[in-house]
Amino acid sequence: MVAAKKTKKSLESINSRLQLVMKSGKCVLGYKQTLKMIGKGKSKLLILANSCPALRKYEIVDCAMLAKTGVCHYSDNNFELGAA
8 MVAAKKTKKS
18 LESINSRLQL
28 VMKSGKCVLG
38 YKQTLKMIGK
48 GKSKLLILAN
58 SCPALRKYEI
68 VDCAMLAKTG
78 VCHYSDNNFE
88 LGAA
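When the letters of the sequence shown are read in order and numbered with the numbering used here, they come out as residues 8 to 91.
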């Protein structure tokens, strides 16, 4: 019960922070744009949805590791991530 509340609260915190980032315009959505930003070295953090295909997820994480960029795995699907 306590772990469920903590998870829900942390998810709400992540969602509220994502809303701030989306409003500021300092974010990129999509596979191709993400790879471009990683290549340029302008990305700080990647958030991958749970529904991201495995091959694309592996490629993005691999590029992020080479660029020393943090990766966060979002527990919901891509629709919920976009709506956050």
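Even for Gly, the Cβ is constructed at its ideal location relative to N, Cα and C.
Being a predicted model, the structure only gives us computed values, none of them experimental.
Counting the other Cβ atoms within 10 Å of the Cβ of Leu88 gives 16 or more, which makes it buried. With distances taken between CA atoms, Leu42 lies nearest to Asp69 out of Asp69, His80 and Asp83. Straight-line spacing of the CA atoms in Arg24 and Gln40 works out to 21 Å.
Counting the other CB atoms within 10 Å of its CB gives Tyr65 a total below 16, which places it among the exposed residues. With fewer than 16 other Cβ atoms from the protein chains shown falling within 10 Å of its own Cβ, Leu52 counts as exposed. Collapsing the DSSP output to three states places Gly48 in coil.
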